[in-house]
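First comes the structure, then the notes that go with it.
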Amino acid sequence: MSSPHSKSAAVTAVLSALDEGRAPERSVFREAVRSMLAVLAERAPGRSVEVRVPPYGAIQCVPGPRHTRGNPPNVVEMAPNTWLELATGRIGWAEAVTDGRVQMSGNRADLSAYLPL
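Counted from 1, the sequence shown has number 39 at position 39 by full-length UniProt numbering; the numbering is strictly sequential.
What follows is the structure in structure tokens.
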């Protein structure tokens, strides 16, 4: 398992690459996305919202009714770079939603209370 330092290093490396217009290494991008999803899952425990960041990860979080079959009613989906920008506070929730960078459905899908991490 990775140490917290390597996880923060992965996030820093990905954001630096994106800032410089470079494509981050796929494995580092995956580690950065998954580590920040894990932080969200810790801070918003539950199973009422599914957060998807394809192709790197998905979690269930936020207290409330648990979803068990079929498509979940509360889904949030975004690109990996958008997720890292939201998680680190580089962009705000409202801005990302307004710009169409976040697709969401369901009455529990607003993650603004949990971001940035």
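All C-beta atoms in this analysis are idealised placements derived from N, C-alpha and C, irrespective of residue type, glycine included.
Within a Cβ cutoff of 7 Å, which residues of the same chain sit near residue i, ignoring the five residues on either side of it in sequence?
i     : result
GLY57 : VAL33, ARG34, LEU37
GLU85 : ILE91
SER2  : Its pLDDT being 41, under 50, SER2 is placed unreliably in this model, and the value from its coordinates should be taken loosely. For SER2, where only same-chain residues beyond five positions count, the Cβ hits under 7 Å are GLU31.
Apart from the five residues on each side of it in sequence, which residues of its chain come closer than 6 Å, Cβ to Cβ, to residue i?
i           : result
residue 143 : There is no way to answer for residue 143, as the model of the chain reaches only from 1 to 117.
TRP93       : SER112, LEU115
Where residue i and residue j are concerned, what is the direct C-alpha to C-alpha distance, given to the nearest angstrom?
i     : j      : result
VAL14 : TYR114 : 22 Å
CYS61 : ARG43  : 9 Å
Quick one: using the 10 Å Cβ neighbour count with 16 as the cut-off for buried, is residue i buried or exposed?
i     : result
PRO24 : buried
ALA96 : buried
PRO4  : With a pLDDT of 48 at PRO4, under the threshold of 50, the modelled position of that residue is not reliable, and no figure is offered here.
ASN71 : exposed
ARG22 : exposed
For residue i, which residues does DSSP report across the bridge?
i      : result
ALA41  : Beta-bridge pairing links ALA41 to no other residue.
SER112 : BP columns for SER112 are empty, so no partner.
SER105 : VAL75
Margin query: Quick check for students: name the residue ranges of the beta strand (DSSP E) that lie wholly in the stretch 10 to 79, counting only runs of 3 or more.
Written below: Counting whole runs of 3 or more residues, the stretch 10 to 79 contains the beta strand (DSSP E) stretches 49 to 53, 57 to 61, 75 to 78.
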